[in-house]
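S.K.:
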Amino acid sequence: MTIRTRVTAVAVVAAFALAGCSSAGDDADQNATTGSSSASSAAAKADDGKVAAQYPVTVKHRQGETEIESEPQRIVVMNYSGVDYLVSLGYGDRIVGVTSAGAPPEILKGFEDKQTIGSFREPDYEAIASLEPDLIVIGGRTAGTYEQMSEIAPTIDVTVEYDDYLESNAESAEMVGAAFGVGDKAEEKGEELEKKADDYKEKISAGAPTALVIMTNGGELSTYSEESRFGMIFDLGYTPAAKLDEAGPHGDPVSFEFVADADPDYLFVVDRDSAIGRDGNTAEATLDNELINNTKAARNGNIVYLNSNDWYLVVGGLTTMSKMIDAAGSAYKG
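Here the sequence shown is numbered in the working numbering, starting from 96 and rising by one per residue.
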């Protein structure tokens, strides 16, 4: 059973255990093995039309299992992909606190007054506790706060893992969905994203274009491999223009000469300075030199400046991930 199946299966089992009726008990084993497709059988429609799960539910996530006693109404979110999952699934109105970092991505519009709980690196635990959350969502940069957050409220870690980016992102969406009894809805949305990516991959792979992914940061460059935070680009069918070692969160530092030697058909660019709100050289200015301008990517108009807030700060989600797939996939001109 994959983690995607287990996410909702655990919630289903908990719901049937609470119900305690014989018919539910007879079917519990079957429902547990059919995964998210049976999640709706453990839920009922609320008056507002939303699915009402039977509680408590136990959500399996990146750092274990968390029991949620009742449907979350006051949610603190410590990563931006978590905001995206909640908004995309229809629960954004229950967010009472959001972490802050850099230039707010589009998914955070409307939440500016909620950014009162510190940053990714320095959460304000006192402020978080004062909001009296009944669910805390962490992930990525804030995954290390799990123990502290769990002392405040039930906490789930929805970190997106890069080795199987789209699958992992779908799993994380289902973790959030399971907290509300809508893991099946999250699964459907994840499958839609995977289909979109597959459609691009079929077209792009046929042309076998080479690509290099770089991040500009204070006038310096770093590159990213297939196993990195930006590896999803290669999942769409682009071929790496150079062999790269797996690097840290800020990539493998390289020179302009390296990019020129790699001579990619497509050059995908993330501007970290822009993402974190730091003044300095823009990515466009940094790359405006003879070495870069003589690459095939530059000569053919195939330097693609990605939305840095989405690609560097959000790094997942449903709505945002759809935009990211389109940005990289639609860049191909073959």
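Backbone N, C-alpha and C fix where the C-beta goes; we use that ideal spot for every residue, glycine too.
Here the structure is a predicted model, which means the values were calculated and not measured.
Comparing alpha-carbon positions, which option in 191, 386, 179, 241 lies nearest residue 409?
M.R.: Of the candidates 191, 386, 179, 241, the one whose C-alpha sits nearest the C-alpha of residue 409 is 179.
S.K.: Quick check: residue 347 and residue 318, are their CB atoms within less than 7 Å of each other?
M.R.: Yes, these two residues count as a Cβ contact at 7 Å.
S.K.: Since I believe residue 265 is in contact with residue 307 (beta carbons under 8 Å), could you give me their beta-carbon distance rounded to a whole number of angstroms?
M.R.: With 8 Å as the limit, residue 307 and residue 265 do not qualify as a contact, their Cβ atoms being about 27 Å apart.
S.K.: What is the rounded straight-line gap between the Cα of residue 332 and the Cα of residue 300?
M.R.: Cα-Cα distance, rounded: 4 Å.
S.K.: To the nearest angstrom, how far is the alpha carbon of residue 351 from that of residue 182?
M.R.: Answer to the nearest angstrom: the Cα atoms are 40 Å apart.
S.K.: Got a sec, what are the start and stop residues for the alpha helix (DSSP H) residue 337 sits in?
M.R.: Unbroken run through residue 337: none, as it is neither H nor E.
S.K.: Where does residue 280 land, buried or exposed, given buried means 16+ other C-beta within 10 angstroms?
M.R.: When all chains shown are included, residue 280 counts as buried.
S.K.: In three-state DSSP terms, what is residue 148?
M.R.: DSSP places residue 148 in strand when its eight states are reduced to three.
S.K.: Would DSSP call residue 306 helix, strand or coil?
M.R.: Strand, per DSSP.
S.K.: Output needed for residue 129: all residues of its chain with C-beta closer than 6 Å, excluding positions within five of it in sequence on either side, in chain order.
M.R.: Its pLDDT being 28, under 50, residue 129 is placed unreliably by the model, and the measurement read from it follows with that caveat. Answer for residue 129: no residue qualifies.
S.K.: Assuming residue 317 is part of the alpha helix (DSSP H), what are its boundary residues?
M.R.: Taken as a continuous stretch (DSSP letters only), residue 317 belongs to no alpha helix (DSSP H), being part of the beta strand (DSSP E) at 315 to 318.
S.K.: Does the count of Cβ pairs from the region 165 to 174 and the region 233 to 250 closer than 8 Å reach three?
M.R.: The region 165 to 174 is in contact with the region 233 to 250.
S.K.: For the region 209 to 277, list the beta strand (DSSP E) runs that are entirely contained and at least 3 residues long, ordered along the chain.
M.R.: The qualifying runs are 230 to 233, 250 to 252.
S.K.: State the Cα-Cα distance for the pair residue 368 and residue 148, rounded to the nearest angstrom.
M.R.: So the two alpha carbons sit approximately 43 Å from each other.
S.K.: May I ask whether a heavy atom of the ligand ADP can be found less than 6 Å away from the beta carbon of residue 406?
M.R.: Within the structure as shown, the ligand ADP is missing, as the structure has no ligands at all.
S.K.: Touching or not, the region 197 to 208 and the region 223 to 233, by the rule of three or more beta carbon pairs under 8 Å?
M.R.: Judged by Cβ distances under 8 Å, the region 197 to 208 makes no contact with the region 223 to 233, as fewer than three pairs qualify.
S.K.: Does the beta-carbon of residue 374 have 16 or more other beta-carbons within 10 angstroms, so that it is buried, or is it exposed?
M.R.: By the 10 Å Cβ count, residue 374 comes out exposed.
S.K.: Which partner residues of residue 348 appear in the DSSP bridge assignment?
M.R.: Beta-bridge pairing links residue 348 to 317.
S.K.: On the criterion of 16 or more Cβ atoms from any shown chain inside 10 Å, does residue 117 qualify as buried, or is it exposed?
M.R.: Confidence in residue 117 is poor, its pLDDT being 37 and thus under 50, which makes the residue's placement too unreliable to answer from.
S.K.: Taking Cβ to Cβ, would you say residue 161 is nearer than 7 Å to residue 249?
M.R.: Yes, the pair counts as a contact, with Cβ atoms nearer than the cut-off.
S.K.: What are the boundary residues of the alpha helix (DSSP H) that includes residue 328?
M.R.: Residues 327 to 330.
S.K.: I think residue 380 touches residue 402, with their Cβ atoms under 8 Å apart; what is that distance to the nearest whole Å?
M.R.: Incorrect: roughly 18 Å between the Cβ atoms, too far for contact.
S.K.: Give a yes or no on contact between the region 385 to 392 and the region 247 to 263, applying the rule of three or more CB pairs nearer than 8 Å.
M.R.: Contact fails: fewer than three Cβ-Cβ distances are below 8 Å.
S.K.: What do you get for residue 242, buried or exposed, if any count of 16 or more other CB atoms within 10 angstroms of its CB means buried?
M.R.: Residue 242 is exposed by the Cβ-count criterion.
S.K.: Quick one: using the 10 Å Cβ neighbour count with 16 as the cut-off for buried, is residue 324 buried or exposed?
M.R.: Buried, since its Cβ has 16 or more Cβ neighbours within 10 Å.
S.K.: Which residue's Cα is closest to the Cα of residue 39: 315, 356, 270?
M.R.: No statement about residue 39 is possible, as the shown extent of the chain runs from 96 to 429 and does not include it.
S.K.: Please work out which residues of its chain come closer than 6 Å, Cβ to Cβ, to residue 415, disregarding the five sequence neighbours upstream and downstream, and give them in chain order.
M.R.: For residue 415, where only same-chain residues beyond five positions count, the Cβ hits under 6 Å are 179, 202, 405, 409.
S.K.: Classify residue 426 as buried or exposed, calling it buried when 16 or more other Cβ atoms lie within 10 Å of its own Cβ.
M.R.: Result: buried.
S.K.: Please state if the CB of residue 309 and the CB of residue 364 are separated by a distance shorter than 7 Å.
M.R.: Yes, the Cβ-Cβ distance between residue 364 and residue 309 is below 7 Å.
S.K.: Looking only at DSSP bridge pairs, what is residue 362 linked to?
M.R.: Per DSSP, 307, 398.
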